[in-house]
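Undergrad: Residue numbers (the numbering used here), protein chains in the order written: chain S, 1 to 329; chain R, 1 to 329; chain L, 1 to 329; chain B, 1 to 329. Structure in structure tokens, see below.
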């Protein structure tokens, strides 16, 4: 506790130098208990910053210590392992790349569950297999802790602007405790049901997103070949039953919309490898539950092939480019 | 001309008995020239009625004479063949099931082009291969007539309520002449470009619609298997990037929305065979233009299989039911 | 040891009554050490019988004790659990439905590894995820035992006639010890490499088999629609580059071949659910290894839908029937 | 006739210089009537040479006159148009790239049917839409000529060695007259039924071939990822139910077989664009006949995408390379 208090003090001092917190009263800061944050990658780092911005003392760690520097400068306490975070915080957020990382961070030799305090609230915002989420929840419960899954919709931009949407699964009584933190990092939080349903909702959304995006790319391609102007075709689709998020908000055809990756050579946005990963999760859960997902399955294959043909790091809307037959070929 | 005038008079007399035209002044009626209408099926019949309602004398025909009865009662003049329509009207609308019917009605032995007057405006609202539309336009031009393609979005309900959307292809100078008639039968008309682009836009929209619908069905199915409530999942999708017309306006899962075919055992709506037909057109134009449409192609196959497994006459959203693994199997 | 010896004696006595072993000398019987057999289903039962026929004392168990009756009558010693088998035999064959069963039988509370003797050879003929096979091998090695995977090609008929093909993965030095037993139950054994490669080969074969079968069904269907006689079309394919096992050995069209499931209303053979299961394994290993398998993936989906549309228990060649559009639809 | 006789004489003189015809008696040459040949591309040229080799005077033409040079040197009479061929020969073979070329050569302004003599036998070895073949047959019949479709299996190599297989559709009574010529150019001819069934058989074969090839490529790729040696995996497949022409005769994995395109950087063989064309025909006939061909359809899409990603001129077995995820991606 002494250490934590000291940590908070350092935090306050540093804030004065680095961030404009003129709107945050010292009184509210003093009353907030520290929050652990594990995983400071492209998404986790801005999320943790938003917790700090909202007055939460943050105790952080990452497999790559250099990822913690920026947060340290903002006043976070940086420790060496998830276990050390668990010793110091009774609410912990995790934001990790994939299922094996989550398993390691929770149940590994220096994992959270090695030192977790009874009653700790564990919120995992990684996108992982719902079955792994359920396993983590069981393991946490054995230690007297509560695990919730809360994957996000929205990318790095939404994380910075605290505009993420969280899809939350877990015991309903604990949802409000989680919500208090999640609303500091996002604009919406939706309670989806028992543990794993947050992941399920995320996976479902991204599968339909991928289908809609590839479908939009095919359709725009076909229309252009048939002599339609891409902007006009988009307009027709968006006022008709072909309308979808990929046609009206994130159009994959260069020149149709501004401010989207297709307007910037498919840089930024949501990478093809990440989409392929999420579709792999959807495929696995579909196989496990014996659910037929023919288009989801084909979408997975298309993004898989794209990864091997040089599109791995482009935004997933680059499927428009991938499918287009070029002149002279 | 005498015959036509007589036709108009009968029309007026009958109107008084059958329809409320209190808002239509006799003056405007008197000034309107007759419009030909060929093809009085589920769609054509309410469309022709809306022309009459707007004060146009209608000269109609159909391969099945009994289809004309209702229109006759409303005052339309019914003739025996497309050629006879062409002798009597200088604006003609056609609404036919498929490409071969269009070819027959335009270029057959008793077809429009056998008797068409110079300067006649021919507007085809059938959904057909854009290549056939182009052929008809060339054939019409040889006779001094103008052909435009103007397929519709919206079903029987929209046709009755004059809420159709028309996608129009053809010479731009003639668009306004067509528009005058189209706005009597629909809420929107979009000029898409040269002849065939109306068909192209229609086909593109329906391909993306089919992809979105199957994708939504798969996604809802998977989510339900993973423990999500269907209404909640729809809500999550609709506030996220998975949103599409099939998820937010025409949800295929019984119980999620009212007033859609899924709420009524997939009766009414847009039949699976019709969707399979439109996807066949999309596939053919894609093959002809060497365009890759992997999801569109698979959607076509899925609707094709559904036609053979008892879903031919159900609404196309019944793909949700088709893909769902039932209990005990 | 006394129990086992007694078991063997009973075995010999019972053999004289039920099976013709006139060609098996008592001398060879006496010299053979007992073999454990776990999993006496449709496949395991005839496989175990063939071991007995070849003079091996068999110590058997199954989750459903009634499955052991026939084997008991043939002289096998029946025990209560995999652990008890492991106490009594130093070569054990397992033949189980799926990965979870294998995990239970090997590592469960009454599993083989609870009582396995050092140096025991464990041969698993189940078709499971290669990753699970590797896990079992590691677990076995910790106990000083050797695990090999040896899934089979060929169905119940081949199992009865000892005509199975085994695809074997594991330490090469142990292969010959396994081969001695496998050749009693099959016509071929192929050494494929390290642990898991037997499963890999099996999964690969069945994925290509499914693709070839669906492809053959589609092709025959299309040819028949185009006016070709099915027997003639099969002949043409089989002398050309379209030739495959499904066209020349197991044709899915009724009337083309005798003695195959398509000649018997798709009864018998290899059930659609089993194929769907194997394709699920292929899909999972493909996702895990980031391998693009578009046709394999679609084949999986097709068999998955068939399971839900009443084809679960028909032979997998019934996809011909599933895809065929019936008259009047 | 004088012209033809002169042609034949030149033919004989030239033969003595260029080709070894020591086994061909002058007597038989004298008795053979000339054969027309239209379309001297990669396939047509060696086919026409084989007719000459078998003693048939050949009267040839091609849209690109330079294509005729080699044949001219071998003694063929070269004329300017299909119509001129039709004036001089009463048996004519055509070998053209696609449906529009066939329509032009038969029914165009300088087409065969402009000058065809009654009773002429027209044999089209192009691979085209069966519906176009039927139209040509009707048009030929009106002129008193007989049209048969006889597309080939086997590539340029088989054409040179007279090892092609012909699949023949048309009136059965005329089959023997066609067979006499076809057996000079190929090893097999199969009578398939009425006009169009030769094309149907060809299209069906190539659709199944494409499915088998992509399936083999996926399977080999997956197996290699799972640690199997490609040669060993091929051996296992070829002795099991995964066996197909693409696995045992034309394996797509470099290093598995000699003398196939995969051993030569996918040079030579059957190009991806040609396969995409044939799959487009299969798709169109399937759409027209309302036949579900899900794998055939996806195969079409895959080859279509390959055409746009730089594989257009590689052998179609290069799909193995296309689907493989490279290191570091």
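Ideal Cβ placement from N, Cα and C applies to all residues, glycine included.
Quick one: does residue 217(S) have its CB under 8 Å from some CB of chain D?
TA: No chain D appears in the structure shown, which is made up of the protein chains S, R, L and B.
Undergrad: Is it true that the CB of residue 102(R) sits closer than 8 Å to the CB of residue 132(R)?
TA: Stepping through the second chain from its first residue, residue 132(R) is reached at position 132. Stepping through the second chain from its first residue, residue 102(R) is reached at position 102. Pairing residue 132(R) with residue 102(R) gives a Cβ-Cβ distance under 8 Å.
Undergrad: Who are the neighbours of residue 84(B) on chain R, taking C-beta pairs under 9 Å?
TA: Sequence index remark: in the fourth chain, residue 84(B) carries index 84 (1-based). Correct list: empty, because the minimum Cβ distance to chain R is about 31 Å.
Undergrad: Taking a Cβ distance cut-off of 8 Å, strictly less, list which residues of the stretch 176-197 of chain S are near chain R, in chain order.
TA: 188, 190, 192, 193, 194, 196 and 197
Undergrad: If I'm right that residue 228(S) touches residue 192(R) with Cβ under 8 Å, what's the distance once you round it to whole angstroms?
TA: Within the first chain, residue 228(S) is the residue found at index 228, counting from 1. Within the second chain, residue 192(R) is the residue found at index 192, counting from 1. The Cβ separation is near 6 Å, so the contact holds.
Undergrad: Touch check for the stretch 227-247 of chain R and the stretch 166-185 of chain R: three-plus C-beta pairs under 8 Å?
TA: no
Undergrad: Just the C-alpha distance for residue 40(B) and residue 210(S), rounded to the nearest angstrom, thanks.
TA: Within the fourth chain, the letter at position 40 stands for residue 40(B). Within the first chain, the letter at position 210 stands for residue 210(S). If you take the alpha carbons of residue 40(B) and residue 210(S), they lie about 47 Å apart.
Undergrad: So, helix, strand or coil for residue 153(B), using DSSP?
TA: Mapped onto the fourth chain, residue 153(B) falls at position 153. In the structure shown, residue 153(B) sits in a strand (DSSP, three-state: E or B).
Undergrad: Please classify residue 116(L): is it buried, with 16 or more other beta-carbons within 10 angstroms of its beta-carbon, or exposed?
TA: Position 116 of the third chain holds residue 116(L). Looking at its Cβ environment, which holds 16 or more other Cβ atoms inside 10 Å, residue 116(L) is buried.
Undergrad: Using only CA atoms, which one of 32(R), 141(R), 248(R) and 293(R) lies nearest to residue 317(R)?
TA: Here residue 317(R) corresponds to residue number 317 of the second chain, with the count starting at 1. Closest by alpha carbon: 248(R).
Undergrad: Beta carbons nearer than 8 Å to chain B: which residues of the stretch 265-284 of chain R have them?
TA: If the cut-off is 8 Å between Cβ atoms, the stretch 265-284 of chain R has 276, 280, 283 and 284 near chain B.
Undergrad: Name the chain L residues that come within less than 9 Å of residue 105(S), Cβ to Cβ?
TA: Position 105 of the first chain holds residue 105(S). Result: empty, since nearest Cβ-Cβ is about 21 Å, beyond 9 Å.
Undergrad: Measuring straight from C-alpha to C-alpha, what distance separates residue 310(B) and residue 305(S)?
TA: Along the fourth chain, read from residue 1 onward, the residue named residue 310(B) stands at position 310. Along the first chain, read from residue 1 onward, the residue named residue 305(S) stands at position 305. Going from the Cα of residue 310(B) to the Cα of residue 305(S) covers about 14 Å.
Undergrad: Just to make sure I have the definition right: I need the residues of chain R whose C-beta is within less than 7 Å of the C-beta of residue 286(S). Which are they?
TA: Here residue 286(S) is taken as the residue at index 286 of the first chain, counted from 1. The answer, in chain order, is 222.
Undergrad: Sorted by chain position, which residues of the same chain lie with C-beta nearer than 7 Å to residue 25(L)'s C-beta, five sequence neighbours on each side aside?
TA: Here residue 25(L) refers to the residue found at position 25 when the third chain is read from its first residue. With a pLDDT of only 41 at residue 25(L), under the threshold of 50, the placement of this residue in the model should not be trusted, and no figure is reported.
Undergrad: Would you mind telling me which residues of chain B sit closer than 9 Å to residue 201(L), beta carbon to beta carbon, in chain order?
TA: Taking the third chain and counting its residues from 1, the one referred to as residue 201(L) is at position 201. Under the 9 Å cutoff, chain B gives 223, 226, 228, 232, 233, 236, 237 and 240.
Undergrad: Measure the CB-CB distance between residue 127(B) and residue 202(B) and report whether it falls below 8 Å.
TA: Your numbering for residue 127(B) matches position 127 in the fourth chain. Your numbering for residue 202(B) matches position 202 in the fourth chain. Yes; because the gap between Cβ atoms is below 8 Å, this pair is in contact.
Undergrad: Determine the burial state of residue 319(R): buried for a count of at least 16 other Cβ atoms within 10 Å of its Cβ, exposed for fewer.
TA: Counting from one through the second chain, the residue named residue 319(R) turns up at place 319. The residue is buried, with at least 16 neighbouring Cβ atoms inside 10 Å.
Undergrad: Which stretch, first to last residue, makes up the alpha helix (DSSP H) that contains residue 305(R)?
TA: What you label residue 305(R) is simply residue 305 of the second chain in a count that begins at 1. It spans 294-306 - the alpha helix (DSSP H) in which residue 305(R) sits, taken as one unbroken run.
Undergrad: Anything in chain S within Cβ reach of residue 130(R), meaning under 7 Å, just list it in chain order.
TA: Here residue 130(R) corresponds to residue number 130 of the second chain, with the count starting at 1. In chain order: 226.
Undergrad: Which chain B residues sit within Cβ distance under 8 Å of residue 323(S)?
TA: Here the question's residue 323(S) lines up with position 323 in the first chain. What residue 323(S) touches in chain B: 305 and 308.
Undergrad: Given residue 34(S), which residues of its chain have a CB within under 6 Å of its CB, disregarding the five upstream and five downstream residues?
TA: For the purposes of this step, residue 34(S) is identified with residue 34 of the first chain, where counting begins at 1. Only 4, 57, 59 and 89 meet the Cβ criterion.
Undergrad: For residue 54(B), does the count of other Cβ atoms within 10 angstroms reach 16, so buried, or fall short, so exposed?
TA: Counted from its first residue, the fourth chain places residue 54(B) at position 54. Answer is buried; the Cβ neighbour count reaches 16.
Undergrad: Do you know offhand how far residue 78(R)'s Cα is from residue 185(R)'s?
TA: Here residue 78(R) is taken as the residue at index 78 of the second chain, counted from 1. Here residue 185(R) is taken as the residue at index 185 of the second chain, counted from 1. Each residue's CA atom was taken as its position, placing residue 78(R) and residue 185(R) some 20 Å apart.
Undergrad: Is there contact between the stretch 283-300 of chain L and the stretch 279-292 of chain S, where contact requires at least three CB pairs shorter than 8 Å?
TA: yes
Undergrad: Just the chain S side, please: which residues come within less than 7 Å of residue 294(L) by C-beta, in chain order?
TA: Here residue 294(L) is taken as the residue at index 294 of the third chain, counted from 1. Those within 7 Å of residue 294(L) in chain S are 298 and 301.
Undergrad: Alpha carbon to alpha carbon, how far is residue 251(L) from residue 259(B)?
TA: Within the third chain, the letter at position 251 stands for residue 251(L). Within the fourth chain, the letter at position 259 stands for residue 259(B). A direct Cα-to-Cα measurement between residue 251(L) and residue 259(B) gives close to 30 Å.
Undergrad: Applying the criterion that 16 or more other CB atoms from any shown protein chain within 10 Å of the CB defines a buried residue, is residue 27(R) buried or exposed?
TA: Position 27 of the second chain holds residue 27(R). With a pLDDT of only 38 at residue 27(R), under the threshold of 50, the placement of this residue in the model should not be trusted; the figure read from the coordinates follows. Exposed, by the Cβ-count rule.
Undergrad: In chain order, what residues of the same chain lie with their CB nearer than 6 Å to the CB of residue 44(L), ignoring the 5 residues before and after it?
TA: The residue given as residue 44(L) occupies position 44 in the third chain. 95.
Undergrad: Residue 314(R) touches chain B at which residues, Cβ-Cβ below 8 Å?
TA: Your numbering for residue 314(R) matches position 314 in the second chain. Result: empty, since nearest Cβ-Cβ is about 17 Å, beyond 8 Å.
Undergrad: Closer than 8 Å, Cβ to Cβ, to anything on chain L: give me those residues from the stretch 92-117 of chain B, in chain order.
TA: When C-beta distances to chain L are compared with 8 Å, every residue of the stretch 92-117 of chain B stays at or above that value.
Undergrad: Are the CB atoms of residue 144(B) and residue 169(B) within a distance shorter than 8 Å?
TA: Residue 169(B) sits at position 169 when you count from the first residue of the fourth chain. Residue 144(B) sits at position 144 when you count from the first residue of the fourth chain. In this structure, residue 169(B) keeps its C-beta atom at 8 Å or more from the C-beta atom of residue 144(B).
Undergrad: Which residues in chain S sit within 7 Å of residue 209(R), going by Cβ to Cβ distance?
TA: Looking up residue 209(R) in the second chain gives position 209. The contacting residues are 241 and 242.
Undergrad: Would residue 64(L) be called buried (16 or more neighbouring beta carbons within 10 Å of its own) or exposed?
TA: Numbered from its first residue, the third chain carries residue 64(L) at position 64. Result: exposed.
Undergrad: Does chain L have any CB closer than 8 Å to the CB of residue 142(S)?
TA: As a working mapping, residue 142(S) is identified with position 142 in the first chain. Not closer than 8 Å to any Cβ of chain L, the Cβ of residue 142(S) fails to qualify, so no.
Undergrad: How many whole angstroms separate the CB atoms of residue 207(S) and residue 279(S), which I take to be in contact at a CB cut-off of 8 Å?
TA: By 1-based counting over the first chain, the position of residue 207(S) is 207. By 1-based counting over the first chain, the position of residue 279(S) is 279. Sure, about 6 Å apart at Cβ, within 8 Å.
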